[in-house]
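Take a look at the structure set out below.
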Amino acid sequence: MIAGQTLIPAQYLNQMLNQPEREEEEEEIKNYITADVVKRKRTSKVSGRSPFAHRVSLHDILHHLKLCGWYWGELSSEEADSILHTASDGSFILRDSSDACHLFTLSLKAHRMVISVRVHFSRGLFKLDSSTSDCPSFHSVVDLIYYYLSDSHRFFYVDVPGYGEVRVTLKHPILKEVLPLQHLCCISIVRSCRTQGHIETLPLPAHLKRLLLEFCSESSSS
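Taken in order, the sequence shown gives residues 1 to 222; the numbers are from full-length UniProt numbering.
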């Protein structure tokens, strides 16, 4: 984790200098992308289906992220700091990581500070680089973010130089662009429902329930 722009804890600096470990993580990311392409081609040959009909891939993950609105893509830490500087605590954005060993970084506002938390990828799962020992892992970054965003009582801890462990919650996504009103309504309703089963019990017309379920399918990695 990095607080501000330049402070790097000694333990993380040591990890950064540990080249074998970094190379292993970087190789895993490369293998994930390469394996996905190979599996898509194999699936298309065996089943006759398009290679793009295969399981969730990096392409699918990026597609789902763009649907959410709070994924900013390529963005420096300085630019993230500028965006979050005047935001309230709990505000956040997701951006591409500048570190070769990580795909994404979560930049957020907590205790009047801008903190950047890398998103780890290991064995096909994404999790936050948190000091919380039982921090959950997910197949999708979207699922990871919504896990905390859907419940205000969920939190995690990050080690911030000079401050120790800081408790963090995700409350206010900062959108890169204005989303259609229908899309925003879907996000609001889905956030209030813990499972797709809850959506089916909502007092809504059948066609609206179908719309919400389709939105869930597009925004999840299942």
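In this text, a Cβ means the ideal position worked out from N, Cα and C, and glycines have one as well.
Note that this is a predicted model, so its numbers are computed, not measured.
Distance check for residue j and residue i, CA to CA, integer angstroms please.
| i | j | result |
| --- | --- | --- |
| Lys-66 | Glu-177 | 10 Å |
| Val-119 | His-139 | 12 Å |
| Ser-137 | Arg-95 | 19 Å |
| Phe-126 | Ser-107 | 16 Å |
| Asp-159 | Thr-201 | 41 Å |
| Glu-78 | Val-114 | 10 Å |
| Ala-110 | Phe-121 | 24 Å |
| Ser-97 | His-64 | 17 Å |
| Asp-151 | Arg-123 | 26 Å |
| Glu-74 | Glu-165 | 28 Å |
| Pro-203 | Tyr-163 | 47 Å |
Less than 8 Å between the CB atoms is what I'm expecting for residue i and residue j, so what's the real figure, rounded?
| i | j | result |
| --- | --- | --- |
| Phe-92 | Leu-144 | Not quite, the Cβ-Cβ distance comes to about 12 Å (not below 8 Å), so this is no contact. |
| Phe-156 | Leu-128 | 6 Å |
| Ile-174 | Ile-61 | Actually they are not in contact, since the Cβ atoms of Ile-174 and Ile-61 sit about 20 Å apart, beyond 8 Å. |
Buried or exposed: which applies to residue i, given that a residue is buried once 16 or more other Cβ atoms fall within 10 Å of its Cβ?
| i | result |
| --- | --- |
| Ala-100 | exposed |
| Ser-76 | exposed |
| Ser-116 | buried |
| Pro-205 | exposed |
| Ala-10 | Low confidence applies here, because Ala-10 scores a pLDDT of 40, under 50, leaving its location unreliable; read the following figure in that light. So Ala-10 counts as exposed. |
| His-85 | exposed |
| Ser-133 | exposed |
| residue 237 | Any question about residue 237 goes unanswered here, given that the chain covers just 1 to 222. |
| His-198 | exposed |
Select from the options the residue whose C-alpha is nearest the C-alpha of residue i.
| i | options | result |
| --- | --- | --- |
| Arg-112 | Ser-97, Ser-133, Ala-87 | Ala-87 |
| His-59 | Pro-161, Arg-167, Ile-83, Val-141 | Val-141 |
| Arg-167 | Cys-135, Gly-69, Asp-81, Tyr-146 | Cys-135 |
| Cys-68 | Ile-199, His-172, Val-160, Leu-84 | His-172 |
| Trp-70 | His-85, Tyr-146, Ala-110, Phe-156 | Tyr-146 |
| Asp-90 | His-153, Glu-79, Thr-132, Ser-98 | The sequence as given places Gly at residue 90; Asp does not occur at that position. Of His-153, Glu-79, Thr-132, Ser-98, the residue nearest in Cα terms is His-153. |
| Pro-161 | Ser-131, Asp-151, His-63 | Ser-131 |
Per DSSP, residue i forms a beta bridge with which residues?
| i | result |
| --- | --- |
| Asp-159 | Glu-165 |
| His-172 | Ser-91 |
| Asp-134 | Answer is none; Asp-134 lacks a bridge partner. |
| Ala-110 | Met-113 |
| Leu-67 | Its beta-bridge partners do not exist; DSSP assigns none. |
| His-120 | Lys-127 |
| Thr-201 | None; Thr-201 has no bridge partner. |
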